[in-house]
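Chemist: The structure's right below; bear with me while I get my questions together.
Residue numbers (the numbering used here): 139 to 277.
Printed below as a string of structure tokens:
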């Protein structure tokens, strides 16, 4: 996400707290978009977790964190430096194999210019981090 757009930063603020946890063998990247170059590190992994902020949950007071599985799909290369989770998995499969993958969506309430999270998103981030840690430790 855009680090200067409030709740959109850092996958809704979820990547940095996960990176701060002692999780051996877990790599964390915070990127504003998914470049195809990110497929290679995932080729040897057991689980890929994509974290994204979503404005579609903005009216929810205590938002739920949506998690859904992702499957490989052929990329649309009209945008050569922007991939989707599905297209990154397809590239990983072409390199060797694609890991199981999920997308964790953190509700975003405010994407105005700024570097702090809204209270709604900050609460959701704490829940998302616990959920992500549980996912990767069970993988």
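Heads up, the beta-carbon is just placed ideally off N, CA and C, and yes, glycines get one too.
#1: Can you tell me whether residue 199 is helix, strand or coil according to DSSP?
#2: Thinking C-alpha only, which one of 272, 189, 228, 166 is nearest residue 240?
#3: Hey, out of 259, 177, 163, whose CA is closest to residue 147's CA?
#4: The alpha helix (DSSP H) that contains residue 243, what's its start and end?
#5: Within the continuous beta strand (DSSP E) that includes residue 190, where are the two ends?
#6: On the criterion of 16 or more Cβ atoms from any shown chain inside 10 Å, does residue 272 qualify as buried, or is it exposed?
#7: In terms of alpha-carbon separation, which member of 169, 244, 252, 176 lies closest to residue 263?
#8: Are there 16 or more other CB atoms within 10 angstroms of the CB of residue 169, so buried, or fewer, so exposed?
#9: I need the straight-line Cα distance from residue 176 to residue 162, nearest angstrom please.
#10: In whole angstroms, give me the CA-to-CA distance for residue 221 and residue 140.
#11: Between residue 191 and residue 246, what straight-line distance do the alpha-carbon atoms span, to the nearest angstrom?
Modeler: In short:
#1: Confidence at residue 199 is low in this model, with a pLDDT of 31, below 50, so its placement is unreliable and the value that follows should be read with caution. DSSP places residue 199 in coil when its eight states are reduced to three.
#2: For residue 240, the nearest C-alpha among the options comes from 189.
#3: For the residues 259, 177, 163, the minimum Cα distance to residue 147 belongs to 259.
#4: From DSSP, residue 243 is part of no alpha helix (DSSP H) but of the beta strand (DSSP E) over 238-245.
#5: Taken as a continuous stretch (DSSP letters only), the beta strand (DSSP E) holding residue 190 covers 185-192.
#6: It is exposed - the Cβ of residue 272 has fewer than 16 other Cβ atoms within 10 Å.
#7: Residue 244 is the option with its Cα nearest to residue 263.
#8: It is exposed - the Cβ of residue 169 has fewer than 16 other Cβ atoms within 10 Å.
#9: Straight-line Cα distance between these residues: approximately 20 Å.
#10: Taking the straight line from one Cα to the other gives about 16 Å.
#11: Their backbone Cα atoms lie some 6 Å apart in a straight line.
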